[in-house]
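Chain order of the listed sequences is A and B. In this note's numbering, each residue carries its 1-based index in the first sequence increased by 66. In this note's numbering, each residue carries its 1-based index in the second sequence increased by 66.
Protein chains: 2
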Amino acid sequence: MRRYAVLTEGKLDSIYAKTAHGVLRYRPGEVAVVVDSAFAGRTVREVLPSVDSSAPVVGSLREALPYAPNALLVGVATDGGHLPNAMRPAVLDAVAAGLDVVSGLHERLQDDVEIAAAAAQSGSVLFDVRVPPREVPLFQGRSRRPDQRVVLAVGSDCAVGKMTVMLEIERFALAAGARVAFAATGQTGIMIAGSGIAVDGVVSDFLTGAAEMLVDEALERGDVALVEGQGSVLHPAYAPVTVGLLYGCAPDALVLCHRPGSTTIAGFATSIPPLRELVRVHEDFLAYVKPARVLAIALDTSALDPNAADRAIFAAEAETGLPADDPVRNGGEKLWRAIETRRG
Amino acid sequence: MRRYAVLTEGKLDSIYAKTAHGVLRYRPGEVAVVVDSAFAGRTVREVLPSVDSSAPVVGSLREALPYAPNALLVGVATDGGHLPNAMRPAVLDAVAAGLDVVSGLHERLQDDVEIAAAAAQSGSVLFDVRVPPREVPLFQGRSRRPDQRVVLAVGSDCAVGKMTVMLEIERFALAAGARVAFAATGQTGIMIAGSGIAVDGVVSDFLTGAAEMLVDEALERGDVALVEGQGSVLHPAYAPVTVGLLYGCAPDALVLCHRPGSTTIAGFATSIPPLRELVRVHEDFLAYVKPARVLAIALDTSALDPNAADRAIFAAEAETGLPADDPVRNGGEKLWRAIETRRG
Numbered sequence: 067m068r069r070y071a072v073l074t075e076g077k078l079d080s081i082y083a084k085t086a087h088g089v090l091r092y093r094p095g096e097v098a099v100v101v102d103s104a105f106a107g108r109t110v111r112e113v114l115p116s117v118d119s120s121a122p123v124v125g126s127l128r129e130a131l132p133y134a135p136n137a138l139l140v141g142v143a144t145d146g147g148h149l150p151n152a153m154r155p156a157v158l159d160a161v162a163a164g165l166d167v168v169s170g171l172h173e174r175l176q177d178d179v180e181i182a183a184a185a186a187q188s189g190s191v192l193f194d195v196r197v198p199p200r201e202v203p204l205f206q207g208r209s210r211r212p213d214q215r216v217v218l219a220v221g222s223d224c225a226v227g228k229m230t231v232m233l234e235i236e237r238f239a240l241a242a243g244a245r246v247a248f249a250a251t252g253q254t255g256i257m258i259a260g261s262g263i264a265v266d267g268v269v270s271d272f273l274t275g276a277a278e279m280l281v282d283e284a285l286e287r288g289d290v291a292l293v294e295g296q297g298s299v300l301h302p303a304y305a306p307v308t309v310g311l312l313y314g315c316a317p318d319a320l321v322l323c324h325r326p327g328s329t330t331i332a333g334f335a336t337s338i339p340p341l342r343e344l345v346r347v348h349e350d351f352l353a354y355v356k357p358a359r360v361l362a363i364a365l366d367t368s369a370l371d372p373n374a375a376d377r378a379i380f381a382a383e384a385e386t387g388l389p390a391d392d393p394v395r396n397g398g399e400k401l402w403r404a405i406e407t408r409r410g
Numbered sequence: 067m068r069r070y071a072v073l074t075e076g077k078l079d080s081i082y083a084k085t086a087h088g089v090l091r092y093r094p095g096e097v098a099v100v101v102d103s104a105f106a107g108r109t110v111r112e113v114l115p116s117v118d119s120s121a122p123v124v125g126s127l128r129e130a131l132p133y134a135p136n137a138l139l140v141g142v143a144t145d146g147g148h149l150p151n152a153m154r155p156a157v158l159d160a161v162a163a164g165l166d167v168v169s170g171l172h173e174r175l176q177d178d179v180e181i182a183a184a185a186a187q188s189g190s191v192l193f194d195v196r197v198p199p200r201e202v203p204l205f206q207g208r209s210r211r212p213d214q215r216v217v218l219a220v221g222s223d224c225a226v227g228k229m230t231v232m233l234e235i236e237r238f239a240l241a242a243g244a245r246v247a248f249a250a251t252g253q254t255g256i257m258i259a260g261s262g263i264a265v266d267g268v269v270s271d272f273l274t275g276a277a278e279m280l281v282d283e284a285l286e287r288g289d290v291a292l293v294e295g296q297g298s299v300l301h302p303a304y305a306p307v308t309v310g311l312l313y314g315c316a317p318d319a320l321v322l323c324h325r326p327g328s329t330t331i332a333g334f335a336t337s338i339p340p341l342r343e344l345v346r347v348h349e350d351f352l353a354y355v356k357p358a359r360v361l362a363i364a365l366d367t368s369a370l371d372p373n374a375a376d377r378a379i380f381a382a383e384a385e386t387g388l389p390a391d392d393p394v395r396n397g398g399e400k401l402w403r404a405i406e407t408r409r410g
């Protein structure tokens, strides 16, 4: 059983800490303490009202040790995947204290000479979850079986809830007795699910093969694979990863994720078209290779008050003619029903 | 100066030897001999009528040595990029003879314990050209400068001439005094050009960044970058690589490559739509991110007789309203004029 010290040094309240947020939200029992000197002395809930965790935040790794963590989880996702310098001391202190370290960065702990040498000495195990499996095959087309049930989350941008939405749908569907299986495609999803492939770390030629492998594996665990999405088909930098999932997973259904009010891709000038058009863009793109429909719209309304959230959900339904919901706010039932009805 | 022994063992007349074909066609002066026991005793021209090379084909590496090669070039591209077992003896013999070895396979010679140990002993240098540069940055959006001149080859499938077309356009344009720069994106292109990045070997998250790096570098060498394309936006397995080039290179113009008569993606059931529709698919896909137009159609008519080739070219023009040509058959002038006119 994992008891994590989650390291977010300076970033706990930012989008860069989405790995920490995901683990705190979906595996709260596995977090003993958070290490972040900028928020020390408070609880997670006090810093992040939307995350129901009473884990304490402390200012250093040394102060975290009394909470008896058995591993340090690097709780940030950085552009380019480098380990921030501000986080090195805590990682080295953790290794010196004999804790294992779990990281989802592109930059591998195992390739860091100083960290690897310290781990060799202390016996700490370094888990780089972004590293893909050694043998990813090329895409074969197995995942295009006509009878398979694969639902993929797509989105208008990065960080609009593609993982969270699938976890909420999974939670409701499992509770309702459905045999669904979440398939993690990113580092946070893997940390939550305990398995998966960080597809953006796979060599491009093998991306669709990795997606196919994930679907195969999920369909051994359940009747319906719920695949975490990545990026956006309109994202100037990350669309290749999205397309790898769209073709490689060969979904028969999509859930389109969006943050109401977002009109451009974060960090770029690319406009996000209206939801109705975005539905069409995805369906048109897939039409030539493996047709699939968008079955529902998932909205991240975390920045809105309850009334505004309801209005946004209603507006999305009116615009697209599809069921819409914010599953973090309202649970996964409505989105699951949209999938299940189509399944029937 | 390279004097290659080109290894194609059993594959010289097949599509898997496209690396050998490319080097034989565009760098004939660098090929001393071909090693392929299935075709030993003939010349390249006798085996491949479309390749104007008098290089002899011999049955083993030992028989190649009298032609004084200074390096062995592994002349095949295999699915998954493994070194075929039938080729190991020649590679080991080459290393034992002190030849350098150049390979564009995913499987790295440097990671092959037996080959690497032999090379360490003989002093042979192993060049794995599929290995990307160590530091590929994330995509920044620099390549989306409105005034840049970038032409990207796209296609209806793999192996429909996306590299060859750009090399023929480059050849004509340079002879006409234009400052163009070919940018290689695959192993064969790199072997011909002497530089480039095999983008399908880049980790997915960095694919668009690698494409941007290639464009930056090409635009230092010339006013117009002519970028070799990869895969197809409709290819079930390789579309992510295509999308990485489409977004990462941010072309302002496309040349659409096709083999007349091909109606499905090789190895898959995916239909290739009519050319006119394929033009629209590309332009629609780019419209949201960095609009670009298809300026010309390049046809691979190598399987057709001259009359049938002319009819295919005429039909493509009639269907699309765009200039069309087979630049291998007729030279790169017509396609270059289509690009240059737009440029003006």
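Backbone N, C-alpha and C define an ideal beta-carbon position, used for all residues, glycine too. A quick note: this is a predicted structure, and the numbers were derived from the prediction, not measured.
Subject >> Beta-carbon contacts of Ser270/B that lie in its chain and below 7 Å, excluding the five residues immediately before and after >> reply: As a working note, residue 270/B is residue 204 in the second sequence. If you ignore the 5 residues before and after Ser270/B, its C-beta comes within less than 7 Å of the C-beta of Pro306, all in its own chain and listed in chain order.
Subject >> CA nearest to the CA of Leu312/B, picked from Glu343/B, Asp350/B, Ala71/B, Glu286/B >> reply: For the purposes of this step, residue 312/B is taken as the residue at position 246 of the second sequence. Here the closest residue by C-alpha is Asp350/B.
Subject >> Exposed unless 16 or more other CB atoms sit within 10 angstroms - verdict on Leu78/B >> reply: Position 12 of the second sequence holds residue 78/B. Flag for Leu78/B reads buried.
Subject >> Cβ separation of Leu204/A and Asp145/B, assumed to be a contact under 8 Å, to the nearest whole Å >> reply: As a position in the first sequence, residue 204/A is number 138, starting the count at 1. As a position in the second sequence, residue 145/B is number 79, starting the count at 1. Right, their Cβ atoms sit about 6 Å apart.
Subject >> Exposed unless 16 or more other CB atoms sit within 10 angstroms - verdict on Ala374/B >> reply: As a working note, residue 374/B is residue 308 in the second sequence. It counts as exposed.
Original post:
Using DSSP with H/G/I as helix, E/B as strand and the rest coil, what is Leu131/A?
Top reply: Residue numbering aside, residue 131/A sits at position 65 when the first sequence is read from its first letter. DSSP places Leu131/A in helix when its eight states are reduced to three.
Subject >> For Gly221/A: DSSP bridge partner residues >> reply: In the first sequence, the residue the question calls residue 221/A occupies position 155. Within the DSSP bridge table, the entry for Gly221/A names Cys323/A as partners.
**OP:** Report yes or no: is there a C-beta of chain A within less than 8 Å of the C-beta of Asp118/B?
**Re:** As a working mapping, residue 118/B is identified with position 52 in the second sequence. At a cut-off of 8 Å, the C-beta of Asp118/B has no neighbouring C-beta in chain A.
Original post:
How long is the line joining the alpha carbons of Cys323/A and Val226/B, rounded to whole angstroms?
Top reply: Locating residue 323/A in the first sequence gives position 257, counting from the first residue. Locating residue 226/B in the second sequence gives position 160, counting from the first residue. Their Cα atoms are separated by approximately 36 Å.
Original post:
Which ranges does the beta strand (DSSP E) cover as unbroken runs of at least 3 residues, wholly within the region 91–122 of chain A, from first to last along the chain?
Top reply: List check, beta strand (DSSP E) in window: 97–101.
**OP:** Note down the Cα distance separating Ala162/A from Ile256/B, rounded to an integer number of angstroms.
**Re:** For the purposes of this step, residue 162/A is taken as the residue at position 96 of the first sequence. For the purposes of this step, residue 256/B is taken as the residue at position 190 of the second sequence. A direct Cα-Cα distance of roughly 46 Å separates Ala162/A from Ile256/B.
Subject >> chain B residues whose Cβ lies nearer than 8 Å to that of Ser270/A >> reply: Position 204 of the first sequence, counted from the first residue, corresponds to residue 270/A. Within 8 Å Cβ-Cβ: Val265, Asp266, Gly267, Val268, Val269, Ser270, Leu273, Pro306, Val307, Gly310.
Original post:
By the criterion of Cβ-Cβ separation under 8 Å, what are the contact partners of Leu149/B in chain A?
Top reply: Against the second sequence, residue 149/B aligns to sequence position 83. Think of a sphere of 8 Å around the beta carbon of Leu149/B: no beta carbon from chain A falls inside it, the nearest being about 16 Å out.
Original post:
Hey, how far is the Cα of Gly418/A from the Cα of Arg196/A?
Top reply: The structure shown does not extend to residue 418/A, since chain A spans only 67 to 410, so no value can be given for it.
Original post:
Taking only beta-carbon atoms, is Pro317/B less than 8 Å away from chain A?
Top reply: For the purposes of this step, residue 317/B is taken as the residue at position 251 of the second sequence. Chain A, which has no Cβ nearer than 8 Å to the Cβ of Pro317/B, makes this no.
**OP:** Find the residues of chain B that neighbour Pro339/A, judging by a C-beta separation of less than 7 Å, and give them in chain order.
**Re:** Position 273 of the first sequence, counted from the first residue, corresponds to residue 339/A. Chain B residues near Pro339/A: Tyr354.
Original post:
Between which two residues does the beta strand (DSSP E) harbouring Ala291/B extend?
Top reply: By one-based count along the second sequence, residue 291/B stands at place 225. Ala291/B -> beta strand (DSSP E) spans 290–293.
Original post:
Just reading off the alpha helix (DSSP H) that Phe238/B is part of, what are its end residues?
Top reply: Counting from one through the second sequence, the residue named residue 238/B turns up at place 172. Looking at the DSSP string, the run of the alpha helix (DSSP H) that includes Phe238/B is 228–241.
Subject >> Three-state secondary structure (DSSP) of Arg359/A >> reply: Position 293 of the first sequence, counted from the first residue, corresponds to residue 359/A. Of the three classes helix, strand and coil, the one that applies to Arg359/A here is strand, per DSSP.
**OP:** In the DSSP assignment, find the beta strand (DSSP E) that holds Tyr70/A and state where it starts and stops.
**Re:** Stepping through the first sequence from its first residue, residue 70/A is reached at position 4. Where Tyr70/A is concerned, the enclosing beta strand (DSSP E) stretches over 70–73.
Original post:
With a cut-off of 8 Å, do at least 3 Cβ pairs link the region 235–255 of chain A to the region 179–191 of chain B?
Top reply: Segments in contact, no.
Original post:
Of all the CB atoms in chain A, is at least one closer than 8 Å to the CB of Tyr82/B?
Top reply: For this step, residue 82/B is matched to residue 16 along the second sequence. No, Tyr82/B does not count as interfacial toward chain A.
Original post:
What three-state label does DSSP hand Phe334/A in the structure shown?
Top reply: By 1-based counting over the first sequence, the position of residue 334/A is 268. Three-state DSSP puts Phe334/A in coil, outside helix and strand.
Original post:
So Leu361/A and Leu320/A are in contact, right, with Cβ under 8 Å, and what is the actual spacing, rounded?
Top reply: For the purposes of this step, residue 361/A is taken as the residue at position 295 of the first sequence. For the purposes of this step, residue 320/A is taken as the residue at position 254 of the first sequence. Taking C-beta atoms under 8 Å as the contact rule, Leu361/A and Leu320/A qualify, at a distance of about 7 Å.
Subject >> Distance, Ile363/A Cα to Leu388/A Cα >> reply: Taking the first sequence and counting its residues from 1, the one referred to as residue 388/A is at position 322. Taking the first sequence and counting its residues from 1, the one referred to as residue 363/A is at position 297. Roughly 7 Å between the two C-alpha positions.
Subject >> Extent of the continuous beta strand (DSSP E) to which Val167/A belongs >> reply: Stepping through the first sequence from its first residue, residue 167/A is reached at position 101. 166–169 is the extent of the beta strand (DSSP E) around Val167/A.
**OP:** List the residues of chain A whose Cβ lies closer than 7 Å to the Cβ of Leu175/B, in chain order.
**Re:** On the second sequence, position 109 is the one that residue 175/B refers to. Within chain A, no residue comes near Leu175/B; the closest Cβ sits about 17 Å away, beyond 7 Å.
Subject >> At least three beta-carbon pairs within less than 8 Å, the region 90–97 of chain B to the region 114–121 of chain B >> reply: The region 90–97 of chain B is in contact with the region 114–121 of chain B.
Original post:
Does Met232/A come within less than 8 Å of chain B when only Cβ atoms are used?
Top reply: Residue numbering aside, residue 232/A sits at position 166 when the first sequence is read from its first letter. At a cut-off of 8 Å between beta carbons, Met232/A makes no contact with chain B.
Original post:
If the cut is a Cβ gap below 8 Å, which residues of chain A does Thr336/B touch?
Top reply: Along the second sequence, read from residue 1 onward, the residue named residue 336/B stands at position 270. Neighbours of Thr336/B in chain A, taken as residues whose beta carbon is under 8 Å from its own, are Tyr354, Val355 in chain order.
Subject >> Separation of Ala369/B from Pro115/B, as counted between CA atoms >> reply: Within the second sequence, the letter at position 49 stands for residue 115/B. Within the second sequence, the letter at position 303 stands for residue 369/B. One C-alpha to the other measures close to 11 Å.
Subject >> the region 132–146 of chain A: positions lying closer than 7 Å to chain B by Cβ >> reply: Under the 7 Å Cβ criterion, the region 132–146 of chain A contributes Asp145, Gly146.
Subject >> Thr407/B classed as buried or exposed, judged by whether at least 16 other C-beta atoms fall within 10 angstroms >> reply: Indexing the second sequence from 1 puts residue 407/B at position 341. Per the 10 Å Cβ criterion, exposed.
Original post:
Cα-Cα, which of Leu171/A, Glu278/A, Phe380/A is closest to Asp194/A?
Top reply: Translated into the one-based positions of the first sequence, residue 194/A becomes position 128. Out of Leu171/A, Glu278/A, Phe380/A, Leu171/A has the C-alpha closest to the C-alpha of Asp194/A.
**OP:** Can you tell me which of the three DSSP states Gly410/A falls into?
**Re:** Position 344 of the first sequence, counted from the start, is the residue given in the question as residue 410/A. In this prediction, Gly410/A has a pLDDT of 42, which is less than 50 and means its spatial position is unreliable; nothing more can be read from the coordinates.
**OP:** Just tell me which of Pro155/A, Gly275/A, Ser222/A, Val265/A has its CA closest to the CA of Gly207/A.
**Re:** Sequence index remark: in the first sequence, residue 207/A carries index 141 (1-based). The option with the nearest alpha carbon to Gly207/A is Gly275/A.
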